[in-house]
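K.L.:
Once you've had a glance at the structure underneath, I'll fire off some questions.
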Amino acid sequence: PEVMAAWPAHPDPSKKMPASIVVERKISTQKASAISTYRVLKFCGTRFRVSDRRISTSSDYIKKLIARGKCPVVISLDHLKERQPYLTSDGIANAIDYANGCAIIPQNKVVESLAASNALQMWEMYEEISGQLVSLASMPQSAPFVIAIANADVISTSSRNTIYELASQIVDEAVTQPTFPLISLCSLKVFINFLMGKMLNAANVDNKKAIAKSIAKALVIWLEGRSDAEREHFQEIFDKIQPYREENIVNNLVTPNESDEFMSENEISVKTSAAKVYALDKKSGDVIEDYWPESELDIVSSRQPAGASETQLNHKCKTYVFQGAELPPVAPDANGVRNYRFVIEFETTKEFLSTPGQKLIQLDLDAIFECPGDEGSTQIAST
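Residue numbers (the working numbering): 40 to 422.
Shown next, in the form of structure tokens:
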């Protein structure tokens, strides 16, 4: 199955992650009859011999066939593939092992085993595997594996939501695991959308910022070394978390190779030591508060070559975000508008200022305010 295409069958044991899931079934100790009967399950050319008593007591599907008198000695399961696309011979083999008492399921066969337990209606096996996946979702070492398969349709909705909720609580640790980049694009998108829902429904701005930071961190790590086409899948996500992203995360969205593209013989990259934003009193002009004293950003400034016109310059721009904060109360004017005035201060080196040529910094400001609405609702205003 595509959700597990890149997943190793036996992960590095040093990562403290179980290589397999073990599910056991209690076998009745009642003495069996002297004559044991067997049936043969046939799937895609592979035959499996199994005890009639054990398969009928573990599989509701086989039990119903026997009750209807429509259960031949050789039972073809090929038609089940139409309803269970993840069903494979390996999955059925694990289901039969479970019927016999114990199944040891490699990680890259978990989805197939869930499909087999679902197709054969072996609900105890299905619940046992699902329960172990939920437990693994709460551990950073194994969370990427569970996130990778949670999107498969053999996972129940309730289990999927529980898995995502537990994984979201340790996401910052989980994304640093070496297996995190192995998650498929489709599985990652579903998990990120779950995190986006949590961010939008968070009770306060601090929680929104924390979740936005986790989302950005996860995407930066997963997208490293991937194609532009894959990056485009998450552009809308980046746009939505823009108001809550921290500046240092935004900087990391540009890889070293991309940073080189910003440079040319006519451009100088300047790392500012600080970028500060102040709110000023409207009447006196005095500083009310220093909001973001620790924010830092890169400025790309251009030296215009002699004789070059402004239209000849190919300016590349970067986007940076200052962390939001509660604004101090300001009395509205006669029109009911609350006016704020801000100063953005950039610091750079004397060496840069002493270089020849004109320094150009284009600054476009876009402010997004989160305002309390009626009955506790939230309104987003942009200017």
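Built from N, CA and C at the ideal position, the CB exists for glycine as well. Note that the coordinates shown come from a computational prediction; the quantities given were computed from them, not determined experimentally.
By alpha-carbon positions, which one of GLN216, ALA268, GLY130 ends up nearest to LYS256?
P.N.:
The residue with the shortest Cα to Cα distance from LYS256 is GLN216.
K.L.:
When you compare the stretch 133-147 with the stretch 163-181, are there three or more beta-carbon pairs, one atom per stretch, that lie closer than 8 angstroms?
P.N.:
Short answer: they touch.
K.L.:
With the cut-off set at 8 angstroms, would you say VAL173 and ILE202 are in Cβ contact?
P.N.:
In this structure, ILE202 lies closer than 8 angstroms to VAL173 by Cβ.
K.L.:
How big is the Cα-Cα spacing for ASP372 and ASP245?
P.N.:
C-alpha separation (whole angstroms): 30 angstroms.
K.L.:
Taking 8 angstroms as the CB-CB limit, is ALA257 close to chain B?
P.N.:
Here there is only one protein chain, and chain B is not present.
K.L.:
Are there 16 or more other CB atoms within 10 angstroms of the CB of VAL113, so buried, or fewer, so exposed?
P.N.:
Classification of VAL113: exposed, given that the 10 Å Cβ count is below 16.
K.L.:
Ignoring anything shorter than 3 residues, give me the beta strand (DSSP E) runs that lie fully in the stretch 60-142, in order along the chain.
P.N.:
DSSP runs (the beta strand (DSSP E)) wholly in the stretch 60-142: 77-82, 85-90, 113-115.
K.L.:
Does the count of Cβ pairs from the stretch 229-243 and the stretch 251-268 closer than 8 angstroms reach three?
P.N.:
Yes, they touch.
K.L.:
Residues bridged to ILE144 by DSSP?
P.N.:
Beta-bridge pairing links ILE144 to ILE60.
K.L.:
Which whole-angstrom value describes the C-beta separation of ASN133 and ALA155, a residue pair presumed to lie in contact below a C-beta threshold of 8 angstroms?
P.N.:
That pair is a contact at about 6 angstroms.
K.L.:
Please classify PRO183 as buried or exposed, where buried requires at least 16 neighbouring CB atoms within 10 angstroms.
P.N.:
Counting Cβ neighbours within 10 Å, PRO183 comes out buried, since at least 16 surround it.
K.L.:
Comparing C-alpha positions only, which one of ASP99, TRP261, PRO282 sits nearest to ALA213?
P.N.:
Minimum Cα distance to ALA213 is reached at TRP261.
K.L.:
In or out: LEU336 buried (at least 16 other Cβ within 10 Å) or exposed?
P.N.:
Note on LEU336: pLDDT 37, under 50, position unreliable in the model; the coordinate value appears next. Counting Cβ neighbours within 10 Å, LEU336 comes out buried, since at least 16 surround it.
K.L.:
For VAL149, tell me which candidate among GLY375, ALA187, SER97, ASP117 has the shortest Cα-Cα distance.
P.N.:
When each option's Cα is compared against that of VAL149, the closest is ALA187.
K.L.:
Could you give the distance in angstroms between the alpha-carbon of SER19 and the alpha-carbon of GLY84?
P.N.:
There is simply no residue 19 to check, as the chain begins at 40 and stops at 422 in what is shown.
K.L.:
CB LEU205 to CB SER177, shorter than 8 angstroms?
P.N.:
For LEU205 and SER177, yes; Cβs fall inside 8 angstroms.
K.L.:
So ARG4 packs on ASP91, CB below 8 angstroms; how close in whole Å?
P.N.:
The requested residue 4 is not part of the displayed model; the chain covers only 40 to 422.
K.L.:
Measure how close the beta-carbons of SER59 and PRO145 come, nearest whole angstrom, since I'm counting them as under 8 angstroms.
P.N.:
Correct: roughly 5 angstroms between the Cβ atoms.
K.L.:
Only counting the same chain, and skipping five residues up and downstream in sequence, which positions put a Cβ closer than 7 angstroms to that of GLU377?
P.N.:
Note on identity: in this sequence residue 377 is Arg, with Glu being the wrong assignment. Contacts found: VAL369, PRO371.
K.L.:
Between which two residues does the alpha helix (DSSP H) holding TYR283 run?
P.N.:
Segment: none, TYR283 is in no alpha helix (DSSP H) and carries neither H nor E.
K.L.:
Between ALA242, CYS225, ILE250, ASN243, which has its C-alpha nearest PHE273's C-alpha?
P.N.:
Nearest C-alpha to PHE273: CYS225.
K.L.:
Along the alpha helix (DSSP H) that carries ILE260, what are the first and last residues, could you check?
P.N.:
Segment 244-262, the alpha helix (DSSP H) holding ILE260.
K.L.:
Could you pull out every residue in the same chain whose Cβ sits closer than 6 angstroms to the Cβ of LYS102, ignoring the five residues on either side in sequence?
P.N.:
So the qualifying residues of the chain are SER95.
K.L.:
Within a Cβ cutoff of 7 angstroms, which residues of the same chain sit near LYS247, ignoring the five residues on either side of it in sequence?
P.N.:
Counting only Cβ-Cβ distances below 7 angstroms, and skipping sequence neighbours, we find MET238, ALA241, TYR283.
K.L.:
Please list the segments of the alpha helix (DSSP H) lying wholly inside the stretch 179-251, counting only runs of 4 or more residues, in order along the chain.
P.N.:
Here the runs fully enclosed are 182-189, 196-207, 210-213, 224-239.
K.L.:
Please confirm whether LEU153 and VAL89 have their CB atoms less than 8 angstroms apart.
P.N.:
Contact: no.
K.L.:
Using 8 angstroms for Cβ pairs, my map puts LYS81 next to SER115. What's the rounded Cβ distance?
P.N.:
Yes, LYS81 and SER115 are in contact; Cβ-Cβ is about 5 angstroms, under 8 angstroms.
K.L.:
Classify LYS65 as buried or exposed, calling it buried when 16 or more other Cβ atoms lie within 10 Å of its own Cβ.
P.N.:
Exposed, because fewer than 16 other Cβ atoms sit within 10 Å of the Cβ of LYS65.
K.L.:
Rounded to a whole number of angstroms, what is the C-alpha to C-alpha distance between GLU121 and GLY108?
P.N.:
In a straight line, the C-alpha of GLU121 is about 24 angstroms away from that of GLY108.
K.L.:
Applying the criterion that 16 or more other CB atoms from any shown protein chain within 10 Å of the CB defines a buried residue, is LYS389 buried or exposed?
P.N.:
Under this definition LYS389 is an exposed residue.
K.L.:
With a CB to CB cut of under 7 angstroms and the five nearest residues on each side skipped, what residues in its chain are close to GLN171?
P.N.:
ILE60, listed in sequence order.
K.L.:
Residues in its own chain within less than 8 angstroms of CYS110 by CB, not counting five upstream and five downstream?
P.N.:
Once the five neighbours on either side are set aside, the close Cβ partners of CYS110 are ARG78, ILE101, LEU104.
K.L.:
Decide if ASN147 is buried, meaning its Cβ has at least 16 other Cβ atoms within 10 Å, or exposed.
P.N.:
With 16 or more Cβ atoms within 10 Å of its Cβ, ASN147 is classed as buried.
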